[in-house]
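Chemist: A single structure is presented below for examination.
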Amino acid sequence: MSRILVTGAAGLLGRHVVRDLTAQGHAVRGLDRRAGEEPAEWVVGDVTDPALVAAAMAGVDAVCHIAAVPNIWSGDGQAIMRVNLLGTYTVLEAAEAAGVRRMVFCSSDSVAGYTVREGRMLPPRYAPLDLDHPLLATDPYAVSKVLGEGMVRAWALRGMSAVALRTVFVAYPEMAAEIVARARDPDAYRGPMAGGPSAAGGGPLHHHIDPRDVARAFRLALGLSMAPGDFEPFYLSARVTLSPEPTLDRLRRLHGDAVVVRAPEVYAREPFAPLYDLTHAERRLGFVAEHDQRHLLAGLPGFAQGD
Ligand SMILES: NC(=O)c1ccc[n+]([C@@H]2O[C@H](COP(=O)([O-])OP(=O)(O)OC[C@H]3O[C@@H](n4cnc5c(N)ncnc54)[C@H](O)[C@@H]3O)[C@@H](O)[C@H]2O)c1
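Using my numbering, the first residue of the sequence shown is number 1, and each one after it goes up by one.
Right, dumping it as C-alpha cells:
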C-alpha cells in the first residue's frame with residue numbers, strides 16, 4: 001500500500017482516480033477546492049497555496065496532479081495560467097521538499113496542437129502521431145500543459161521520476177447526452193446543448209477515452225519502473241474514435257494530403273483508430289483501453305448499426 005496525494009480529486013476525473021486507487025488498497029488523500037464524495041482524507045483549499053499543499057504532501061509516497069482549469073471554456077487565459085502553471089509549480093516544490101519520489105501529471109493530447117480551433121490549429125504532420133511529433137499547441141490551455149510538462153520534466157531532473165499522461169477528451173458518463181447530441185448533427189452542434197458539464201470534445205477526429213481507463217493508466221504510471229531523473233510522456237486514447245467517418249477519410253477530407261500516413265496498416269486493421277500512436281503506452285505502460293463509447297452512437301444517422 002502506498003500513500004498517494006491526488007489533486008483535483010473531487011473533479012470528474014479525480015473521483016475516478018481516487019476510486020481506482022482506493023479499490024486497489026492505497027491510502028488516498030484528496031486535495032481540491034471542495035471535499036469530494038469518495039471515502040478519502042480530504043484537504044480543502046487552493047492548489048496554488050504553498051502552505052496548504054505542503055501540509056497535504058506530508059507522509060505521501062507519490063502524487064497524481066490532476067487539479068487544473070480543464071479547458072479553454074472553463075476559465076480565461078489568466079485563470080488557466082495561474083492555476084495550471086502556478087499550481088503545478090506549487091505541487092512540484094512541495095513534493096520535492098517532502099521527498100516524494102513519483103509524480104504523475106495529468107497532461108492532455110492538446111499538447112500536440114490538434115484539439116481546438118482557437119489559437120492556430122495546425123493539421124498533424126503524420127499519423128499515427130507519436131512522441132517524436134512536435135508539440136504545436138497554440139491555445140492557452142494547451143500551452144499551459146506543454147509548459148506544465150516542461151516544469152515536471154525539470155523537477156524530475158532534480159531527482160524525482162515523473163510521468164505525463166496526455167489523455168484525449170474524457171467521455172464521462174455525465175457527457176453521454178452531449179456526445180449523442182453532437183453525433184446527431186456534428187455541424188450544428190454547439191455544446192453544451194444537452195446539459196453536460198462541458199461540450200463534447202476530442203478535437204476534429206472526436207477522440208475519447210473512458211475515465212475508468214484513464215484512472216487505470218494513473219495507477220500503472222504510479223507503478224512504472226523508472227530511475228530518478230526520468231520523465232516519460234504517454235498518449236492515451238480509446239482504441240476507436242467517436243467520429244462517423246473512418247480516421248483517414250476524415251483527415252483527407254479536412255486536410256487533403258497534408259497528413260502523411262506512416263502506418264496505413266493501423267487504420268486497415270481498425271478504420272476508426274485514433275490519430276495517436278498507442279503502441280508506446282501498450283509496450284511501456286502495459287496500457288490498452290478496455291472501454292469505448294461508440295455504442296452510444298449505434299443506429300444514429302451516419303453511424304453503421306452495431307458500430
Ligand atoms: N476532461 C477532459 O476531456 C480532459 C482531457 C485531457 C486532460 N484533462 C485534464 O484532466 C484533469 C481533470 O479535469 P476534469 O475533466 O476532471 O475537470 P474538472 O473541472 O472536473 O476537474 C478539475 C478539478 O480541479 C479542481 N481545481 C481547479 N482549480 C483548482 C485550484 N485552484 N485549487 C484546487 N483545486 C482546483 C476543481 O475543483 C476540479 O475538481 C485536468 O488536469 C484536465 O486538464 C481533461
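Idealized CB from N, CA, C, for every residue including glycine.
Output the distance between the C-alpha atoms of VAL260 and ALA127, rounded to the nearest integer angstrom.
Modeler: Their backbone Cα atoms lie some 6 Å apart in a straight line.
Chemist: Touching or not, the segment 129 to 147 and the segment 102 to 114, by the rule of three or more beta carbon pairs under 8 Å?
Modeler: Yes: the two stretches touch, three or more of their Cβ pairs being nearer than 8 Å.
Chemist: Cα-Cα, which of ALA156, LEU296 and GLY30 is closest to ALA314?
Modeler: Residue 314 is absent from the structure shown; the chain starts at 1 and stops at 307.
Chemist: Does the beta carbon of ILE66 fall short of 8 Å from some heavy atom of ligand 1?
Modeler: At least one heavy atom of ligand 1 is nearer than 8 Å to the Cβ of ILE66, so yes.
Chemist: Looking at the structure shown, is SER144 part of a helix, part of a strand, or coil, going by DSSP?
Modeler: DSSP, read as helix, strand or coil, puts SER144 in helix.
Chemist: Taking all protein chains shown into account, decide if VAL116 is buried (16 or more other Cβ within 10 angstroms of its Cβ) or exposed.
Modeler: buried
Chemist: I need the DSSP call for ALA62, collapsed to helix, strand or coil.
Modeler: ALA62: strand per DSSP, three-state reduction.
Chemist: Is the beta carbon of LEU285 less than 9 Å from the beta carbon of THR247?
Modeler: Contact annotation: LEU285 and THR247 have beta-carbon atoms that are not nearer than 9 Å.
Chemist: Take ALA55 and list the residues in its own chain whose beta-carbon comes closer than 8 Å to its own, dropping the five residues that flank it on each side.
Modeler: VAL43
Chemist: Within the segment 134 to 209, note down every full alpha helix (DSSP H) run reaching 4 residues or more, in order along the chain.
Modeler: 140 to 157 and 176 to 184
Chemist: Could you check what DSSP says for THR7 in three-state terms: helix, strand or coil?
Modeler: For THR7, the three-state secondary structure derived from DSSP is strand.
Chemist: With 16 other CB atoms within 10 Å as the buried threshold, where does HIS255 fall?
Modeler: exposed
Chemist: Count the other CB atoms, across all protein chains shown, that sit within 10 Å of the CB of VAL70; report buried if there are 16 or more and exposed otherwise.
Modeler: Checking the displayed sequence, the identity of residue 70 turns out to be Pro instead of Val. It is buried - the Cβ of PRO70 has at least 16 other Cβ atoms within 10 Å.
Chemist: With burial defined as no fewer than 16 other Cβ atoms inside 10 Å of the residue's Cβ, what is the status of GLU38: buried or exposed?
Modeler: buried
Chemist: Thinking ALA98 and MET160 are a contact (beta carbons under 8 Å), I'd like their distance in whole angstroms, please.
Modeler: The pair is not a contact, with the Cβ atoms about 10 Å apart (cut-off 8 Å).
Chemist: In this structure, does DSSP put LEU300 in helix, strand or coil?
Modeler: coil
Chemist: On the CB-based measure, 16 or more other CB atoms within 10 Å of its CB, does ALA62 come out buried or exposed?
Modeler: buried
Chemist: Just tell me which of LEU251, LEU122 and THR48 has its CA closest to the CA of LEU92.
Modeler: The candidate whose alpha carbon is nearest that of LEU92 is THR48.
Chemist: With GLU270 and VAL240 assumed to form a contact (beta carbons below 8 Å), what rounded beta-carbon distance in angstroms separates them?
Modeler: 7 Å
Chemist: Using 10 angstroms around the beta-carbon of GLY223, count the other beta-carbons present and answer buried if the total reaches 16, otherwise exposed.
Modeler: Taking all protein chains in view, the Cβ of GLY223 is surrounded by fewer than 16 other Cβ atoms within 10 Å, so the residue is classified as exposed.
Chemist: Could you pull the DSSP bridge partners for SER108 from this structure?
Modeler: THR167
Chemist: Could you compute how far the alpha carbon of HIS16 sits from the alpha carbon of ARG212?
Modeler: The alpha-carbon atoms of HIS16 and ARG212 are separated by roughly 6 Å.
Chemist: PRO173: which of MET103, GLU245, ASP210 and ARG19 sits nearest, CA to CA?
Modeler: Comparing Cα positions, the closest option is ASP210.
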